[in-house]
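S.K.: Taking our numbering, the leading residue of the sequence shown gets 533, the next gets one more, and so forth. Glycine included, every Cβ here is placed at the ideal spot set by N, Cα and C. Remember, predicted model here, so these are calculated numbers, not experimental data. One structure is given below, represented as structure tokens, and several questions about it will come after.
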Amino acid sequence: MVSTPFQHDTATHCPYCAFQCGMRLSGPRESVVVDGDEAFPVNKGALCIKGWTSAAPLAHPERLLNPLVRNAAGDLVPATWDEALARVAEAFKSIRTDYGADAVGIFGGGSLTNEKSYLLGKFARVALGTANIDYNGRFCMSSAAAAGIRALGIDRGMPFPLEDIASAEVVLLAGSNVAETMPPIMQYFEAQRANGGVLVVSDPRRTATAAAADLHLRLTPGTDAVLANGLLHLLIRDDLIDHDYIQERTEGFERVRQIAATYWPERVERITGIPEAELLQTARLLGRANTAMILTGRGAEQQAQGVTNVLSFINLALALGKVGRPNSGFGCLTGQGNGQGGREHGQKADQLPGYRLIADPAARQHVAAVWDFPEEELPGPGKSAYELLDSLGPEGGIRSLLVLGSNVVVSAPHGNNIRERLESLDFLVVSDFFLSETALLADVVLPSAQWAEEEGTITNLEGRVIRRRRAFAPPEGVLTDLELLEQLAARLGRERWFTYASPEAVFDELRAASAGGAADYSGITYEKIEAGQGVFWPCPSVDHPGTPRLFAESFPTPSGRARFHPVLHRSPAEEPDEDFPLYLTTGRVLAQYQSGTQTRRIGELEDMASEPLAEINPTTAERYGLADGDMLTLETRRGAARVRALVTENIRPDTVFAPFHWPNEQSANLLTNPALDPTSRMPEFKVCAVRIVKD
Ligand code: SF4
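Here it is in structure tokens:
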């Protein structure tokens, strides 16, 4: 690939969450100055503490600067790229020969650029011929994605720009703590409230977001669909639904109406714990507003009924007649940096670029033609993220794994099982820029370039495709993931399909592969992104301006109408009982990000959050004889984690909250339940049964 020159003041975007704040980088790698980019219309110059400190890993002393290979004594020792890549290629070839192509798996990441996500999907299908590729975004967005496709015909997290929030009279935010996870977004909610709007937040915890709301619905974990159905019941009862909209723009309401009738307020209060008066207040706020939005986050989505939870909130938005109307509608707030783009272009088990399905003959033919590759040689759908990880080793049949930009030992549920599965592999290769907990288990570790060292595009939570620009060349001895995939493909005899002049050339091929698909990027060019501070997909031709707002006229479903879906609430896969008497819910804190591979290495962030604090209600703490700051063990049927107590009224007495950014004995994911949603295959991170063991 051709390198781009060093730029002294580079406008780019934060490496972390899906808000993708615009930032400007200046100065040398060792002392980069980060500034919020006021010209970027999303964050308007604001950054959170993670963004301000995001340059620290670029010159961090623990950064990997050469490949590592495991020697006969079992130690990871430095090697040349030639040695490392030869070892990877040989291992992949021999495992494929002995056990078949599907015995080599790939696990990608939700922070990879569109170009990397796309090329990784192509690498799996063309260079390896394996069906088994999936990515950690499955743990983030899959429930909202599946629900969006079923109800609205498309999965774009927010079908409108963030600026619309400010003009919504009422916003219901279901299970999202954006005040901590993406703080600059709060400027939109603050503007909304300054304009006289009302913010309602549903969450088992009184989070920073809930504290900033006008009304906090403190629901029992795992009862989100009961809340949504209960609100719909009240809207129907009080005739606050939009009959004309339902008649003209939707289908399937009657069955939903019948089900909503069974969610009367006393029942909903009993199951959710939300007082009837608050349910009524919320229903009236939503039903009487001219403009209203419902937004979901991981709280509602990371459950074994995540898809139906989201469908129940979409039902509500449709019954209100708000989807596709100005300053109104339904959206979900994507979490990971490229959680949106990363789920559109082929690193999902069932997917080809442009949000095409790999089982669809027409989709296969289109993409095979773009790739100039025999369609019949493309594999079919593979296993979803947790199922893929659970199939590692001789029993499951996936004998080798390539992990790109993910630290599954910390971020996947049922961590003890994941570690065992990884240890049972014949061969593990990890590409990362630090020796993550997953990389520590690898046979080969490949050092990769960081965000400020690569060109590419990211699609933010609004569906806005933006440019990630390179400020520095990678350090000597470090490759970008695109270069890694090209070189590895060449060693696997597939060079012809993996030779690109630049990341832009990869993007141009992605555009062609996505043409005509649901996520159509064919009209988006680097120049166009540059000129307009991003382009919203779908954008089907170069003279098309992009699509900031969807659904104004119709829905991309066969009938052009949105679809109601009947939702009957099911209990979580595991509920508190005598042995494990409390709910456990997990999530993120302000100063750490995901598995913490980067943020746990940044001094300012460690000073703010150096260990997991388990939120415990004072009543519960008293019952266990715990004081604030005490160490304790949380135990579930799957494992135990050591944490410190944070005694606070912000959590319900029946619930414990634990953040998941830490590894080893502090890992909350040693506890979490891998029960999967039947459609999205999302694990149930947000609800399981736990007990407290005092020291
Ligand atoms: Fe912005 Fe998210 Fe980065 Fe914070 S972590 S600076 S909210 S992109």
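(1) Under a three-way DSSP split, which group does LEU1100 fall into?
(2) Is it true that the stretch 732 to 739 meets the stretch 704 to 711, where meeting means three or more beta-carbon pairs spaced less than 8 Å apart?
(3) CA-CA distance, PHE965 and PHE551?
(4) Quick one: complete alpha helix (DSSP H) runs, 4+ long, within the stretch 963 to 1048?
(5) Identify, in the order they occur along the chain, each residue of the same chain with its Cβ nearer than 7 Å to the Cβ of THR544, setting aside the five sequence neighbours on each side.
(6) What residue range does the alpha helix (DSSP H) around MET1140 cover?
(7) DSSP on VAL1121, reduced to helix/strand/coil?
(8) Go ahead and pull the three-state DSSP assignment for VAL564.
(9) Looking at MET714 and the ligand SF4, is the gap between the Cβ and the nearest heavy atom below 7 Å?
(10) Considering only the alpha carbon of each residue, which of ASP666, LEU1116 and GLN719 lies closest to ALA917?
(11) For the stretch 670 to 685 and the stretch 898 to 905, state whether three or more C-beta atom pairs, one from each stretch, are separated by less than 8 Å.
(12) Using 8 Å as the threshold, is the stretch 813 to 833 in touch with the stretch 845 to 863, meaning 3 or more CB pairs across them?
(13) If we count the other Cβ atoms within 10 Å of its Cβ and call it buried at 16 or more, is PRO807 buried or exposed?
(14) Could you round the C-beta distance between SER1127 and VAL961 to whole angstroms and report it? I think they count as a contact, below 8 Å.
(15) Note down the Cα distance separating ALA604 from ALA1172, rounded to an integer number of angstroms.
(16) Suppose you measure from the CA of GLY559 to the CA of ASP541; what does that come to, to the nearest Å?
(17) Are there 16 or more other CB atoms within 10 angstroms of the CB of ASN822, so buried, or fewer, so exposed?
(18) Scan the stretch 825 to 901 and note each continuous beta strand (DSSP E) run of 3 residues or more that stays entirely inside, going in chain order.
(19) Let me make sure I understand the geometry here. Which of VAL733, GLU908, SER1142 and VAL703 has the alpha-carbon closest to that of ALA663?
(20) GLU1147 and LEU1114: beta carbons closer than 8 Å?
(21) If we count the other Cβ atoms within 10 Å of its Cβ and call it buried at 16 or more, is HIS877 buried or exposed?
(22) Please state whether DSSP places PHE551 in a helix, a strand or coil.
(23) For the putative contact between CYS930 and SER923, defined by C-beta atoms under 8 Å, what is the C-beta separation to the nearest angstrom?
(24) Work out the CA separation of THR1180 and ALA981 for me, nearest whole Å.
(25) I need the boundaries of the beta strand (DSSP E) containing PRO610, first residue and last residue.
(26) So for PHE572, helix, strand or coil by DSSP?
(27) To which residues of the same chain is ASN1030 closer than 6 Å at the C-beta, ignoring the five residues directly before and after it?
(28) For the ligand SF4, I want to know if CYS546 counts as a neighbour, meaning its beta carbon is within less than 7 Å of at least one of the ligand's heavy atoms.
(29) Beta strand (DSSP E) containing THR542: first to last residue?
(30) Can you give the Cα-Cα distance for ALA1045 and LYS880, rounded to whole angstroms?
(31) With distances taken Cα to Cα, identify the nearest neighbour of CYS864 among ASN841, GLY853, LEU884 and ARG857.
(32) Note down, in chain order, each residue of its chain lying with its Cβ closer than 7 Å to the Cβ of ALA591, except the 5 sequence neighbours on either side.
(33) Specify whether the stretch 641 to 651 and the stretch 864 to 875 touch according to this definition: at least 3 beta carbon pairs, one from each stretch, less than 8 Å apart.
(34) Among TRP1194, TYR1156, LEU852 and THR755, which has the Cα closest to the Cα of LEU1100?
(35) Three or more C-beta pairs closer than 8 Å, one from the stretch 1128 to 1142 and one from the stretch 1184 to 1195: is that the case here?
M.R.: By the coordinates alone:
(1) Here the question's residue 1100 lines up with position 568 in the sequence shown. Three-state result, LEU1100: coil.
(2) yes
(3) Here residue 965 refers to the residue found at position 433 when the sequence shown is read from its first residue. Here residue 551 refers to the residue found at position 19 when the sequence shown is read from its first residue. Using only the alpha carbons, I get a separation of about 23 Å.
(4) 1013 to 1023 and 1035 to 1046
(5) Here the question's residue 544 lines up with position 12 in the sequence shown. Result list for THR544: MET555, LEU557, ALA984, ARG1000, ARG1001 and ALA1003, in chain order.
(6) As a working mapping, residue 1140 is identified with position 608 in the sequence shown. Start and end: 1135 to 1140.
(7) As a position in the sequence shown, residue 1121 is number 589, starting the count at 1. The answer is coil: DSSP assigns VAL1121 none of H, G, I, E or B.
(8) Taking the first residue of the sequence shown as 1, we reach residue 564 at position 32. Here VAL564 sits in coil by DSSP.
(9) Stepping through the sequence shown from its first residue, residue 714 is reached at position 182. Yes, the ligand SF4 has a heavy atom inside 7 Å of this Cβ.
(10) Reading the sequence shown from its first residue, position 385 is the one you call residue 917. Nearest C-alpha to ALA917: ASP666.
(11) no
(12) yes
(13) As a working note, residue 807 is residue 275 in the sequence shown. That one is exposed.
(14) Indexing the sequence shown from 1 puts residue 1127 at position 595. Indexing the sequence shown from 1 puts residue 961 at position 429. Their Cβ separation, rounded to whole angstroms, is 18 Å, which puts SER1127 and VAL961 out of contact at 8 Å.
(15) Within the sequence shown, the letter at position 72 stands for residue 604. Within the sequence shown, the letter at position 640 stands for residue 1172. Each residue's alpha carbon lies about 33 Å from the other.
(16) Counting from one through the sequence shown, the residue named residue 559 turns up at place 27. Counting from one through the sequence shown, the residue named residue 541 turns up at place 9. Near 8 Å, if we compare the C-alpha coordinates of ASP541 and GLY559.
(17) If you number the sequence shown from 1, residue 822 lands on position 290. By the 10 Å Cβ count, ASN822 comes out exposed.
(18) 861 to 864
(19) Translated into the one-based positions of the sequence shown, residue 663 becomes position 131. The option with the nearest alpha carbon to ALA663 is GLU908.
(20) Numbered from 1 along the sequence shown, position 615 holds the residue referred to as residue 1147. Numbered from 1 along the sequence shown, position 582 holds the residue referred to as residue 1114. No, the Cβ-Cβ distance between GLU1147 and LEU1114 is not below 8 Å.
(21) Position 345 of the sequence shown holds residue 877. HIS877 should be labelled buried.
(22) Sequence index remark: in the sequence shown, residue 551 carries index 19 (1-based). In the structure shown, PHE551 sits in coil (DSSP, three-state: anything other than H, G, I, E or B).
(23) Taking the sequence shown and counting its residues from 1, the one referred to as residue 930 is at position 398. Taking the sequence shown and counting its residues from 1, the one referred to as residue 923 is at position 391. Before going on, a small fix: residue 930 reads as Ile here, not Cys. Confirmed, Cβ separation roughly 5 Å.
(24) Within the sequence shown, residue 981 is the residue found at index 449, counting from 1. Within the sequence shown, residue 1180 is the residue found at index 648, counting from 1. Whole-angstrom Cα-Cα distance: 41 Å.
(25) Residue mapping note: residue 610 aligns to position 78 of the sequence shown, counting from 1. It spans 608 to 610 - the beta strand (DSSP E) in which PRO610 sits, taken as one unbroken run.
(26) Taking the first residue of the sequence shown as 1, we reach residue 572 at position 40. In the structure shown, PHE572 sits in coil (DSSP, three-state: anything other than H, G, I, E or B).
(27) Within the sequence shown, numbered from 1, the residue matching residue 1030 stands at position 498. For the record, residue 1030 in the displayed sequence is Phe; it is not Asn. Contacts found: GLU1018 and ALA1021.
(28) The residue you call residue 546 lines up with position 14 of the sequence shown. At least one heavy atom of the ligand SF4 is nearer than 7 Å to the Cβ of CYS546, so yes.
(29) To locate residue 542, count along the sequence shown from 1; it is residue 10. Unbroken beta strand (DSSP E) run through THR542: 541 to 545.
(30) Counting from one through the sequence shown, the residue named residue 1045 turns up at place 513. Counting from one through the sequence shown, the residue named residue 880 turns up at place 348. So the two alpha carbons sit approximately 15 Å from each other.
(31) Here residue 864 refers to the residue found at position 332 when the sequence shown is read from its first residue. The shortest Cα separation from CYS864 among ASN841, GLY853, LEU884 and ARG857 belongs to ASN841.
(32) By one-based count along the sequence shown, residue 591 stands at place 59. Closer than 7 Å at the Cβ level, and outside the excluded window around ALA591, lie ARG561 and GLU562.
(33) yes
(34) What you label residue 1100 is simply residue 568 of the sequence shown in a count that begins at 1. The shortest Cα separation from LEU1100 among TRP1194, TYR1156, LEU852 and THR755 belongs to THR755.
(35) yes
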